[in-house]
Structures are given as structure tokens and as C-alpha cells.
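A quick write-up on the structure given underneath.
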Amino acid sequence: MRPLCPGAPGAQVTHSRAWYPGLVTTSSGPRILIVEDDPGIREYLSLGLRYEGFDVRSAATGGEGLTQYAEHGADLVVLDVMLPGPDGFAFLRDLRARDAVPVVMLTARDSVDDRILGLESGADDYLTKPFAFGELVARIRTVLRRARPDTLGIVRYADLELNETSREARRGGQRLDMRPTTFDLLVFLARHPERVLPKSVILDAVWGPQFLGSDNVVELYVGYARRALGTPPLLHTLRGAGYMLKEQR
1 MRPLCPGAPG
11 AQVTHSRAWY
21 PGLVTTSSGP
31 RILIVEDDPG
41 IREYLSLGLR
51 YEGFDVRSAA
61 TGGEGLTQYA
71 EHGADLVVLD
81 VMLPGPDGFA
91 FLRDLRARDA
101 VPVVMLTARD
111 SVDDRILGLE
121 SGADDYLTKP
131 FAFGELVARI
141 RTVLRRARPD
151 TLGIVRYADL
161 ELNETSREAR
171 RGGQRLDMRP
181 TTFDLLVFLA
191 RHPERVLPKS
201 VILDAVWGPQ
211 FLGSDNVVEL
221 YVGYARRALG
231 TPPLLHTLRG
241 AGYMLKEQR
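In this text, residue positions in the sequence shown follow my numbering: the first is 1, and each later residue adds one.
What follows is the structure in C-alpha cells.
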């Protein structure tokens, strides 16, 4: 299980391995705008969503969030209800007057009336705190799939194309046969291309922090991935450091 949202009753962190700093700098994935006044939660969500391959910006107030959206846009907004000044419902009404961008609301207010108000105000989904981070990621991906059914879920690097919806892999237009876990491994590597990814990071991302088996499973599936990819080589080993997806130029 991913860590629960911090800053709320019952929150706890269940990751057994730390995020790898090299994975949380930049991304070319879907653009997420986080509007959350709690600095700890805001940073936690920003780092976690970058780790998952999203391009993340954040704001501490509704006014700042509207400015960020006007200047940079977003494919989805993660919005806290309890904002200082105008609350999240007011922000959502202002946003809906401008655009139909998908919105996932976060709140510690879990009454049925609040959930109804959020959805009737134009939210696409509504998640109460505390929550498992993995559930937030799953809901974001689901909402984005509904909004962009033809493009979301396709990860590309060089001549490799991975369709997460159909679980289909192609290289140079040719379909590749592979195990489900091999596909998941390649998706993770393709989201962070041309970066050396340590074995522990890959193990955490693909098998999950709850995995209790040997980390040699990473080497095994890297071998499966290489055979599936064929030539020219795309997946490289840097002895003692990790693995990297990189096109030979």
C-alpha cells in the first residue's frame, strides 16, 4: 500500500524504501495542478505525483491556483476543499466559469452533503482524508482516461510504444509479446528514460514496497524485457548503479 495522506488523523507512511531523488525533478506526463494550503501535504503530493510520471505545479491558495492555471494550464486539478479565504468550492465555481478541466477534490469533510456539493459544483471525483496515495493516483488516471480516452495511457520512448489501457507493447510498429510484469517494468523505465534507476527503486515501483522476495527478481525481468525488445539494444545495465532505457544514437 502507498503511504496514507499526511496531515490528517490516522495518517501514516507505509513505504519501506525512499523515493529516489532523480525521479522527482521533471516530467513530460499529464500536467497536474495541486491547490492545497498545507505545505507538508502539498510537497508530499507534488513529489509523489512526479514519481508517478506527472508534470506537477502547485499553489497554496485559490487565487494563486487560478493564476497558475491561467498561465500554465493543466490536464487535471487536485483541489483541497479547506482553503484559506474562498474555499475549494468557490475556486471550483470560478474555474468552471473558465474551463472544463477535470478536478479531483480532497477533503477531511466526509459528510454526504459535502460530497454531493463537491460533485454538483463540478468535481469529477471526491476523495476524503486520510487516503492511500495509490488510490489518489488510480483516481487521477481514471479521470484523465475519461477526459482523454484516445491519448492517455500511451507511454512512448524512441520507437517503443506502451499502451497501458490495452496492455499492448510495440516497437517500430511491431507488436511485442511479454509477461504482464515485464510490461509494467518497461512502462516505469519509459516514464524515466535516460536515467540510471537503482534496483531498489525499480523493485519498489514495479513490485511495491510490500514485496518480500529477493531483489534478484529485477535482474530476471530485465532479462525478459531485453529479449522482448530485441535489437538494437534499448535497455542497458550500469554495473553497480542500476538500469537505464536509452536509445543508441
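For each residue, glycine too, the CB sits at the ideal point set by N, CA and C.
Whether residue i touches residue j by CB criterion (8 Å)
i, j, result
"L83", "D114", "no"
"L245", "Y221", "no"
"G242", "P198", "yes"
"A59", "V81", "no"
"R171", "G230", "yes"
"T61", "G85", "yes"
"V143", "V104", "yes"
"F54", "P39", "no"
"I140", "L76", "yes"
"A190", "L160", "yes"
"A225", "T165", "no"
Helix, strand or coil at residue i [DSSP, three-state]
i, result
"T25", "With a pLDDT of 43 at T25, under the threshold of 50, the modelled position of this residue cannot be trusted, and the question is left open."
"G240", "coil"
"R42", "helix"
"V78", "strand"
"L234", "coil"
"D206", "A small fix is needed here, since residue 206 is Val in this sequence, not Asp. V206 falls in the helix class under three-state DSSP."
"V35", "strand"
"L197", "strand"
"L245", "strand"
"A60", "coil"
"L229", "helix"
"D87", "coil"
"D55", "strand"
Other residues of its chain near residue i: CB distance less than 6 Å, five sequence neighbours each side excluded
i, result
"I202", "V218"
"L176", "A169 and A228"
"A123", "V103 and M105"
"V196", "L238, A241, G242 and M244"
"P232", "Q248"
"T26", "Low confidence applies to T26: its pLDDT is 44, below 50, so where it sits in the model is not reliable enough to give any reading."
"A147", "P102"
Exposure of residue i, with buried meaning 16 or more beta-carbon neighbours within 10 Å
i, result
"I154", "exposed"
"E194", "exposed"
"D125", "buried"
"G88", "buried"
"H192", "buried"
"V112", "exposed"
"A97", "exposed"
"L127", "buried"
"L95", "buried"
7 Å CB neighbourhood of residue i in its chain, flanking five on each side removed
i, result
"G247", "The question names Gly, but residue 247 in the sequence shown is Glu. Taken in chain order, the residues that qualify are A158 and L234."
"R93", "S121"
"V56", "I32, I34, S46, L49 and R50"
"E52", "V137"
"G73", "R31"
"G65", "L33, V35, A59 and F91"
Close-in-space but distant-in-sequence residues of the same chain around residue i (CB under 8 Å, 5 per side omitted)
i, result
"R42", "I34, E36, S58 and A60"
"V187", "V155, L162 and E164"
"D99", "Y69"
Distance cut-off 7 Å: residue i Cβ against heavy atoms of the ligand NAP
i, result
"A190", "You won't find the ligand NAP in this model; it holds no ligand whatsoever."
Residue ranges of each beta strand (DSSP E) run of no fewer than 3 residues wholly in the stretch 100-184, ordered along the chain? Whole beta strand (DSSP E) segments, 3+ residues: 103-107, 125-128, 154-157, 160-163, 168-171 and 174-176.
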